[in-house]
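In terms of UniProt numbering, the sequence shown has 92 at position 92, counting the first letter as 1, and numbering is strictly consecutive.
By construction, the Cβ of each residue, glycine as well, lies at the ideal position given by its N, Cα and C atoms.
Report on the following structure.
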Amino acid sequence: MMKNQHDFFQGSITVQVEGPLIEPFLQACTKRGCQITDMKRIGDAVVILTIRLKDWKVLRELRKKYRCKLSIKGGKGVPFIVRHLMRRVSVLLAFVAAIVVIFLLANTLWSIKVDGLSPELKADVEGKLNSYGVSPGKLTIGMKDPNEIQQQLLDDIPDLLWIGVKKQGTSYHLYGVEKIRHDTDKNTRPSNLVASKKGMIIETFIKKGRPMVAVYDVVDKGQILATGQLVEEEDTFVHSDGEVIAETWYRVEQDLPMKQVLMLTDGTVESEYSLKVGKLTIPLWGFWKGKEGNFREETHSSNWSIFGMKIPFHIKTVDHYSIDQKSYESSKEELEDMGLSAARSGLLQELDEEAEIKEEKVLHLSEENGKVKLILLYKVYENIAVTKYISQGD
Numbered sequence: 001m002m003k004n005q006h007d008f009f010q011g012s013i014t015v016q017v018e019g020p021l022i023e024p025f026l027q028a029c030t031k032r033g034c035q036i037t038d039m040k041r042i043g044d045a046v047v048i049l050t051i052r053l054k055d056w057k058v059l060r061e062l063r064k065k066y067r068c069k070l071s072i073k074g075g076k077g078v079p080f081i082v083r084h085l086m087r088r089v090s091v092l093l094a095f096v097a098a099i100v101v102i103f104l105l106a107n108t109l110w111s112i113k114v115d116g117l118s119p120e121l122k123a124d125v126e127g128k129l130n131s132y133g134v135s136p137g138k139l140t141i142g143m144k145d146p147n148e149i150q151q152q153l154l155d156d157i158p159d160l161l162w163i164g165v166k167k168q169g170t171s172y173h174l175y176g177v178e179k180i181r182h183d184t185d186k187n188t189r190p191s192n193l194v195a196s197k198k199g200m201i202i203e204t205f206i207k208k209g210r211p212m213v214a215v216y217d218v219v220d221k222g223q224i225l226a227t228g229q230l231v232e233e234e235d236t237f238v239h240s241d242g243e244v245i246a247e248t249w250y251r252v253e254q255d256l257p258m259k260q261v262l263m264l265t266d267g268t269v270e271s272e273y274s275l276k277v278g279k280l281t282i283p284l285w286g287f288w289k290g291k292e293g294n295f296r297e298e299t300h301s302s303n304w305s306i307f308g309m310k311i312p313f314h315i316k317t318v319d320h321y322s323i324d325q326k327s328y329e330s331s332k333e334e335l336e337d338m339g340l341s342a343a344r345s346g347l348l349q350e351l352d353e354e355a356e357i358k359e360e361k362v363l364h365l366s367e368e369n370g371k372v373k374l375i376l377l378y379k380v381y382e383n384i385a386v387t388k389y390i391s392q393g394d
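Here you go:
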C-alpha cells in the first residue's frame, strides 16, 4: 500500500518497448535500479510495461545499446495531474486576463468633446477637467459624477454662464454658454500713475496726464506720480500713461559655506520596473534589490496610446544611480566672486527687462562658523510707474 502511494506521488508511466533484445534490455534496466511492473507481451518483439517516472531517464540511456524503440502510452500520478491542471489554469488565466482587459477598455475615458465655447475658454475647461482627474486615458471608475463636474466647472470658471456635462459610453460631451461682458476699455478708463516702490526720480516720460513730481524728488510707495485729472478742481479725467524712471536700492545678503559638497555618480544604476493601472502599482522586476549608500532617483513612465488615445496602464521605471560625495573648500576671495555673481543674477531675474543695475557695493564681508557672510547694496534705474484706476468722484 505504501509503495503504491509512493509511486502515485512520484508518478509512473506506461511504456511500449520494441526490439530484438528486449530481455537483455530489461535486465540491464533492472540492474540500474528500475522498478518494472505490469509487464505484458503483445508480440514476439513488443512488450508493454509500467515504470516509475524517474526511471525513464535510464531507459532512454540504454535503448540505443540494445536497439530498442520506446514509446509512452500513458502516465499516472501527481506530476501528470499537476501538468493537466496547469494547462487548464493557463486557459483560465488567459480568459481572466481577457476579461480584465475588456473591463479596463470599457471603463476607460477615450475622448472629451467641448462645444459652444471660444478656444480660450475651451482650453480653460479642458485644463480644469484635467485637474479634476477627468482626461482621456483615465479610468472612469472613481471619477466624479457629471453633475458634480458641472457644478465645479461653474464655480471655478467665472466666464461660464452654463455648461452641460453628459457621459456617452466611453466619452464625455460638454456644451457651454459664455457670459457676455461689457467691460470698459482699460486704455480709456480714468487712472493715475503711482509709485510701485520708494525711489528718487531720474527721468519722467508722461504721455497722458498731469505730472505731480519732478526730477530728484524722492517718492514713497503708492505716491501719485501723474494724475488723470487734467485741471485741478475740475471733473475732467483721462487715462494716465507714461514712464517714471527712478533710482532704487536693493540690499542682498548671502551666506556661503566655505566647504562645498559635490554629488558625483559613476554611472552604476539599479532599475525597478512596475505596472501602473490607474492608481494601483504592481511591482514587476528589481523591487527586491537593496539600495546601499547614497543614490539619486530618476523616474520614467511609458506613454502608450491606441489610435491617439492614452491607455490607462503603463510601465513605470525607477533608476537608482549610485552617487559619491566629494568635498572641497573655497577661499574667501573665491566665495566673494561667487556671491557677487549669484546675487547679480538673482536680482536681474526679479527686475523688469528694462531695469538697469548702475552700481554695486559690498557693505559687509566676514568669515564666521565656516561661512562667508556677504551683504551687498545695488543701485538700480527702473520704471516705478504703475496704473491705478480712479472714479470721477475721487
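Going by DSSP, what residues sit across from residue i in a beta bridge?
i, result
"Phe-295", "Ser-322"
"Thr-140", "Looking at the DSSP assignment, Thr-140 forms no beta bridge with any residue, so it has no partner."
"Ile-315", "Leu-275"
"Val-372", "Leu-256, Glu-367"
"Leu-70", "Val-17"
"Trp-249", "Lys-379"
"Met-263", "Gln-325"
"Val-269", "Tyr-321"
"Ser-191", "His-239, Tyr-389"
Considering only their Cβ atoms, is the gap separating residue j from residue i smaller than 8 Å?
i, j, result
"Gln-254", "Gly-137", "no"
"Pro-190", "Lys-166", "no"
"Lys-54", "Ile-48", "no"
"Leu-264", "Lys-326", "yes"
"Ile-51", "Leu-59", "yes"
"Thr-30", "Ile-36", "yes"
"Pro-257", "Gly-370", "yes"
"Glu-367", "Lys-310", "no"
"Leu-153", "Val-134", "no"
"Ile-202", "Tyr-328", "no"
"Val-372", "Glu-336", "yes"
"Thr-108", "Pro-312", "yes"
"His-173", "Lys-128", "no"
"Thr-227", "Gly-209", "yes"
"Val-219", "Leu-225", "yes"
"Phe-25", "Tyr-66", "yes"
Considering just the uninterrupted stretch of the beta strand (DSSP E) at residue i, what are its terminal residues?
i, result
"Gly-164", "160–168"
"Ser-196", "Per DSSP, Ser-196 belongs to no beta strand (DSSP E) and is neither H nor E."
"Ser-131", "That residue, Ser-131, is in no beta strand (DSSP E); its alpha helix (DSSP H) goes 119–131."
"Thr-30", "Careful: Thr-30 lies outside any beta strand (DSSP E), inside the alpha helix (DSSP H) at 22–31."
"Ile-282", "280–285"
"His-173", "171–178"
Rounded to the nearest angstrom, what separates residue i and residue j at their Cα positions?
i, j, result
"Glu-272", "Leu-280", "16 Å"
"Met-1", "Ala-45", "Confidence at Met-1 is low in this model, with a pLDDT of 44, below 50, so the placement of that residue should be treated as unreliable; the coordinate-derived value is given next. So the alpha carbons of these two residues sit roughly 33 Å apart."
"Val-318", "Ala-98", "28 Å"
"Lys-69", "Leu-284", "46 Å"
"Ala-195", "Ala-246", "9 Å"
"Phe-205", "Ile-357", "20 Å"
"His-364", "Leu-374", "6 Å"
"Ile-384", "Gly-199", "8 Å"
"Pro-158", "Glu-178", "9 Å"
"Gln-260", "Ser-302", "37 Å"
"Gln-150", "Glu-350", "39 Å"
"Gln-27", "Arg-87", "37 Å"
"Gln-5", "Ile-81", "A caution first: Gln-5 carries a pLDDT of 49, below 50, which makes its placement in the model unreliable, though a value can still be read off. Going from the Cα of Gln-5 to the Cα of Ile-81 covers about 15 Å."
"Leu-376", "His-239", "39 Å"
"Lys-122", "Val-277", "29 Å"
"Gln-16", "Ala-106", "54 Å"
"Tyr-250", "Tyr-378", "5 Å"
"Phe-9", "Leu-93", "26 Å"
"Ser-12", "Gly-77", "6 Å"
"Glu-148", "Val-101", "28 Å"
"Tyr-389", "Gln-168", "48 Å"
Put residue i into one of helix, strand or coil per three-state DSSP.
i, result
"Asn-107", "coil"
"Asn-383", "strand"
"Asp-255", "strand"
"Ser-135", "coil"
"Leu-10", "It should be pointed out that residue 10 corresponds to Gln in this sequence rather than to Leu. Looking at Gln-10 - three-state DSSP - the assignment turns out to be helix."
"Leu-351", "coil"
"Met-212", "coil"
"Lys-221", "coil"
"Val-47", "strand"
"Lys-358", "strand"
"Ile-206", "strand"
"Tyr-389", "strand"
"Gly-116", "coil"
"Val-78", "helix"
"Ser-301", "strand"
Identify the continuous alpha helix (DSSP H) that holds residue i and give its terminal residues.
i, result
"Asp-156", "146–156"
"Val-231", "That residue, Val-231, is in no alpha helix (DSSP H); it is neither H nor E in DSSP."
"Val-58", "56–63"
Any heavy atom of the ligand SAM closer than 7 Å to the Cβ of residue i?
i, result
"Lys-221", "Summarising the ligand content, the structure contains no ligands, and the ligand SAM is consequently not present."
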